[in-house]
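This report refers to the structure that appears directly beneath it.
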Amino acid sequence: MVGDNGVEMLKQIGKFFPDFGHTLIAFGFGDLYSREVLDLKQREMITITSLITQGAFEQLPFHLHAALNVGMKPEEVLEIILHCGGYAGFPKACSALEAARKVFQDRGIEVGKE
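Shown next, in the form of structure tokens:
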């Protein structure tokens, strides 16, 4: 779900603070993400929205990659960011848009080309 870069990031957290790394994986991915009511795409939509509204932009690229890995379309990511602009404010949406631009660039995704 999180790709090689995400796995490496999680390993680094675990090396630095093993108890935190274990709790992050066991609770976040083991307990929350494994529940059956919502699919992974829906969970990533919620997570991205939550990160934007909190202004937690350092975590956003990790979850943008995960969202794309579980089938979210780039246009859906952009729509979430636009929608958050109306509720969380455009400064946060602009920061999220920049994070998405970088993730899309890293993955060779082009949007908005006419």
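Taking our numbering, the leading residue of the sequence shown gets 904, the next gets one more, and so forth.
Ideal placement from N, C-alpha and C gives every residue a C-beta, glycine not left out.
Notebook entry, point to check: Under a CB-based cut-off of 8 angstroms, is Lys1005 close to chain D?
Noted result: In the structure shown, chain D cannot be found, because there is only a single protein chain.
Check: What is the DSSP secondary structure of Glu1013, counted as helix, strand or coil?
Finding: coil
Checklist line | Cβ separation of Pro964 and Lys1005, assumed to be a contact under 8 angstroms, to the nearest whole Å | finding: 7 angstroms
Next item on the list: Pull up the CB-CB distance for Ile955 and Ala1003, whole angstroms please, since I reckon it's below 8 angstroms.
Entry: About 10 angstroms separates the two Cβ atoms, so there is no contact after all.
Margin query: Please state the DSSP three-state secondary structure of Gly988.
Written below: helix
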